[in-house]
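Counting in our numbering, the final residue of the sequence shown is number 729, and the numbers go up one at a time with none missing.
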Amino acid sequence: MNYKTNCFVTLIFCSTLLGCSGGSDEGNKAPPETNTSQETNAGSNTNDNSVTQDTTAPSITIMGDNPITIDFGTPYSDAGAEATDANDGAVSVSVTSDVNVSKVGEYSVEYTAQDKAGNIATASRQVIVQDVLPPSITILGANPVIVEGGSEYVDEGATAFDLADGAVSVTTQSNVNVQLVGEYIVNYTASDTLGNTATATRTVIVQDSKPPQITLLGDNPLTIKFGLDYIEPGANAVDILDGEVPVITTSNLNTEVMGEYSIEYTATDRQGNIATASRTIVVEDIHLENIIEDKNLLSCLLEQNLTYASQVREVVCRDRSIQSAAGIEHLRNMTKLDLGSADYYESLVDIRKFAPGDYDSSKFNSITVIDLTRNTKLEYLDLQYNNLGLSKQSLDLRKNTNLKHLNLSINQLKHIDVSNNINLEKLDLAANNLTAVDVSKQTQLIELSLSFNQLTNFDITNNTNLTGLDISYNQINEADLTYNLELETIICERNNFTNIEVKHLSNLNALYCSFNQLADIDVSENLLLEKLVLDDNKLVELNVRNNIELRVLSLSFNPLKTIDLTKNIHLESLFLSSDVICYGAKCGL
141 MNYKTNCFVT LIFCSTLLGC SGGSDEGNKA PPETNTSQET NAGSNTNDNS VTQDTTAPSI
201 TIMGDNPITI DFGTPYSDAG AEATDANDGA VSVSVTSDVN VSKVGEYSVE YTAQDKAGNI
261 ATASRQVIVQ DVLPPSITIL GANPVIVEGG SEYVDEGATA FDLADGAVSV TTQSNVNVQL
321 VGEYIVNYTA SDTLGNTATA TRTVIVQDSK PPQITLLGDN PLTIKFGLDY IEPGANAVDI
381 LDGEVPVITT SNLNTEVMGE YSIEYTATDR QGNIATASRT IVVEDIHLEN IIEDKNLLSC
441 LLEQNLTYAS QVREVVCRDR SIQSAAGIEH LRNMTKLDLG SADYYESLVD IRKFAPGDYD
501 SSKFNSITVI DLTRNTKLEY LDLQYNNLGL SKQSLDLRKN TNLKHLNLSI NQLKHIDVSN
561 NINLEKLDLA ANNLTAVDVS KQTQLIELSL SFNQLTNFDI TNNTNLTGLD ISYNQINEAD
621 LTYNLELETI ICERNNFTNI EVKHLSNLNA LYCSFNQLAD IDVSENLLLE KLVLDDNKLV
681 ELNVRNNIEL RVLSLSFNPL KTIDLTKNIH LESLFLSSDV ICYGAKCGL
């Protein structure tokens, strides 16, 4: 009780003392934070006691970054803060926060600390919620996706989701060309409201695994007649990418043999896809009545017990009044064809210049046109004494490459091409209207007759196998026989020869060269010579003493004065002008 009173008295006293300080500037100063109270105890000494007032707030330390940036939607865990007070030491910190990670923006985390004296400290952390993540794109369907070329490509699309914006639209860009094989890219793009952009791609592979489609034109199966040419109806092939593609045809078809055949068609596109198709061909025989037009020719064939085209191997129908050879082209197995007339070749001159004798010309065949392009097996062809050459259609023998015997004598041919008939051994073109003949490729030729034409020259240098040559009744004035060493018979009558070299022809057996302009001829080395006919020339001398094998000698109408036949003991026939002086036992023949 005394304490409180003393304290109160003391405070009043002190206040009175302070107020009596005389009003100096010091008296207006604010009291210090620390006040001194003087307590007086009766009968004791006076003591000074100090009381300290705490007005300093705690110090707050924020842990971690400040400010701190976090991604939208990312859970936020605050690192916290610590507070220390000068008097109280560590004090607790209360935290308040308005951070919303689901919304972009700037937020604060507030920290508060209070010491025991009630001093309050605050601090704050800035939390920035940002959206830097692009949307997430989900491609729908397969990736990569394989598309067959030419088909329709429908993209399945894509979806996009953004953490901030939710579903966002997707933009699609594509260069897919289903008409062209290759790899293509479909690009997907999605952007959120802050401009964060995401991209994704789908690979589209356009492939061509389908072959072209082949369409056969015409019948399948297809039946054709023996000997007739097969006319391919054709086929089309279309590829879904390449369009029309070529078709290759392979076949073992032989229209000259009856049976069933197959024609294969193949088409390949640019990717190597192969399509195939086949057509069945049936080759059946054909009756001669259905193909041979000329009744006389048909009658001749039927007389030989021939019924079907495939049976015909040889046709010999001479002097049957045949006017047309139509249908012959279907006789594909034929190797010999003889439709000649006037089987009197030895009297060729008479046939040409005089009326026929002991044969009936009304029966002659008179064929003007004949098609032999499909008779490729022909080896023997005789069309003597017809009317070939009167038609504008020429005789085509280019495909008859197997021909060995060819007789076209006594026709009206102005041109003949035998360049492909290289296997010819006998060629008779006598009595036509030919001005040139090329036999340079007929190296196997043995007999050649070009008589009764309009030739002025000829070349037989390549015909080294020739044994018989007839060039009579032309307008030829020279002959190169240098390489024709096998010649046995030469007929060169009625030309314009002034000289002819034959002495090197050691095999020469007969020489007929009348009606020329020969002034000299050397046969001294032709030791095998049996027939020498040189009538109506300009010979003034002739030495035949070495020609001891002579059987026939004819020198009429030459300016010969003498002839020595003393060595020619085998002479059987002799013709001389009446004024020639002859020596030898045979002069009286």
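Don't be surprised by glycine CBs; every beta carbon is placed ideally from N, CA and C.
Exercise for the section: Just mark N636 as buried or exposed, buried being the case when its beta carbon has 16 or more other beta carbons within 10 Å. Expected result: Here residue 636 refers to the residue found at position 496 of the sequence shown. So N636 counts as exposed.
Handout entry: For G728, three-class secondary structure by DSSP
Key = Residue mapping note: residue 728 aligns to position 588 of the sequence shown, counting from 1. Residue state, collapsed to three classes: helix.
Problem - Cβ neighbour criterion (16 or more within 10 Å) applied to S589 - result: Translated into the one-based positions of the sequence shown, residue 589 becomes position 449. It is buried - the Cβ of S589 has at least 16 other Cβ atoms within 10 Å.
Problem - DSSP bridge partner residues for T541 (one or two, in chain order) - result: One-based indexing of the sequence shown puts residue 541 at position 401. Listed as beta-bridge partners of T541 by DSSP are no residues whatsoever.
Handout entry: Euclidean distance between Cα positions of S314 and T389
Key = Indexing the sequence shown from 1 puts residue 314 at position 174. Indexing the sequence shown from 1 puts residue 389 at position 249. S314 and T389: Cα-Cα distance of roughly 42 Å.
Practice task
Measuring alpha carbon to alpha carbon, tell me which of G281, A221, V294, T629 ends up nearest S264.
Solution key: Sequence index remark: in the sequence shown, residue 264 carries index 124 (1-based). Measuring from the Cα of S264, the nearest candidate turns out to be A221.
Handout entry: Helix, strand or coil at K493 [DSSP, three-state]
Key = For this step, residue 493 is matched to residue 353 along the sequence shown. Note that K493 has pLDDT 38, beneath the 50 cutoff, so the model's placement of it is unreliable and the number below is only indicative. Correct three-state label for K493: helix.
Problem - Proximity winner among D676, E246, V233, T311, relative to Q254 (alpha-carbon distances) - result: If you number the sequence shown from 1, residue 254 lands on position 114. The candidate whose alpha carbon is nearest that of Q254 is V233.
Practice task
Specify the secondary structure class of A449 as computed by DSSP and reduced to three states.
Solution key: Against the sequence shown, residue 449 aligns to sequence position 309. Here A449 sits in helix by DSSP.
Practice task
Go ahead and pull the three-state DSSP assignment for I468.
Solution key: Within the sequence shown, the letter at position 328 stands for residue 468. For I468, the secondary structure class from DSSP, reduced to helix, strand or coil, is helix.
Handout entry: Identified DSSP bridge partners for T702
Key = By 1-based counting over the sequence shown, the position of residue 702 is 562. Its beta-bridge partners are I721.
Handout entry: 8 Å Cβ cutoff met for N602 and T629
Key = Stepping through the sequence shown from its first residue, residue 602 is reached at position 462. Stepping through the sequence shown from its first residue, residue 629 is reached at position 489. No; because the gap between Cβ atoms is not below 8 Å, this pair is not in contact.
Handout entry: Rounded separation between I380 and A282 - CA only
Key = As a first step, residue 380 is located in the sequence shown; it is residue number 240 there, counting from the start. As a first step, residue 282 is located in the sequence shown; it is residue number 142 there, counting from the start. The alpha-carbon atoms of I380 and A282 are separated by roughly 24 Å.
Handout entry: Three-state secondary structure assigned by DSSP to K566
Key = Here residue 566 refers to the residue found at position 426 of the sequence shown. Strand, per DSSP.
Handout entry: Residues of its chain near N698, where Cβ-Cβ distance is below 6 Å and the 5 sequence neighbours each way are ignored
Key = Translated into positions along the sequence shown, residue 698 becomes position 558. Same-chain partners within the cutoff: N677, L679.
Handout entry: Residues bridged to F715 [DSSP beta-bridge criterion]
Key = The count along the sequence shown starts at 1 and reaches residue 715 at position 575. Per DSSP, the beta bridge partners of F715 are S694.
Practice task
May I have the straight-line CA-CA distance separating T341 from T329, to the nearest angstrom?
Solution key: Mapped onto the sequence shown, residue 341 falls at position 201. Mapped onto the sequence shown, residue 329 falls at position 189. For T341 and T329, the distance between alpha carbons rounds to 9 Å.
Practice task
Confirm, please, whether the CB-CB distance from D205 to V272 is below 8 Å.
Solution key: Here the question's residue 272 lines up with position 132 in the sequence shown. Here the question's residue 205 lines up with position 65 in the sequence shown. Not closer than 8 Å, so no.
Practice task
Please report the residue range of the beta strand (DSSP E) in which K435 lies.
Solution key: Translated into positions along the sequence shown, residue 435 becomes position 295. Here K435 belongs to no beta strand (DSSP E); instead the alpha helix (DSSP H) covers 435-443.
Handout entry: Spatial neighbours of V310 in its chain, beta-carbon cut-off 8 Å, leaving aside the 5 residues before and after
Key = If you number the sequence shown from 1, residue 310 lands on position 170. Cβ neighbours of V310 beyond the five flanking positions: I277, G297, A298, T299, A300, Y328, T329, A330.
Practice task
Tell me whether K671 sits in a helix, a strand or coil according to DSSP, three-state version.
Solution key: In the sequence shown, residue 671 corresponds to position 531, counting from 1. Of the three classes helix, strand and coil, the one that applies to K671 here is strand, per DSSP.
Exercise for the section: Would you kindly check if the distance between the Cβ of T607 and the Cβ of I640 is under 8 Å? Expected result: Translated into the one-based positions of the sequence shown, residue 640 becomes position 500. Translated into the one-based positions of the sequence shown, residue 607 becomes position 467. Contact: no.
Handout entry: Environment of A407 [buried if 16+ CB atoms lie within 10 Å]
Key = Indexing the sequence shown from 1 puts residue 407 at position 267. Classification for A407: buried.
Problem - For A257: DSSP bridge partner residues - result: As a position in the sequence shown, residue 257 is number 117, starting the count at 1. DSSP links A257 through a beta bridge to no other residue.
Problem - Member of K554, Y251, D599, N686 whose CA lies at the smallest distance from the CA of K532 - result: Locating residue 532 in the sequence shown gives position 392, counting from the first residue. Of the candidates K554, Y251, D599, N686, the one whose C-alpha sits nearest the C-alpha of K532 is K554.
Practice task
Return the CA-CA distance between S718 and Q594, expressed in angstroms with no decimal places.
Solution key: Residue numbering aside, residue 718 sits at position 578 when the sequence shown is read from its first letter. Residue numbering aside, residue 594 sits at position 454 when the sequence shown is read from its first letter. So the two alpha carbons sit approximately 34 Å from each other.
Exercise for the section: Could you tell me if the beta carbon of D194 falls within a distance shorter than 7 Å of some heavy atom in the ligand PLP? Expected result: This structure lacks the ligand PLP, and indeed carries no ligand of any kind.
Problem - Pairwise C-alpha distance: S217 and V269 - result: Within the sequence shown, residue 269 is the residue found at index 129, counting from 1. Within the sequence shown, residue 217 is the residue found at index 77, counting from 1. Whole-angstrom Cα-Cα distance: 13 Å.
Exercise for the section: Identify every residue that forms a DSSP beta bridge with V235. Expected result: Residue numbering aside, residue 235 sits at position 95 when the sequence shown is read from its first letter. According to DSSP, V235 bridges with Y251.
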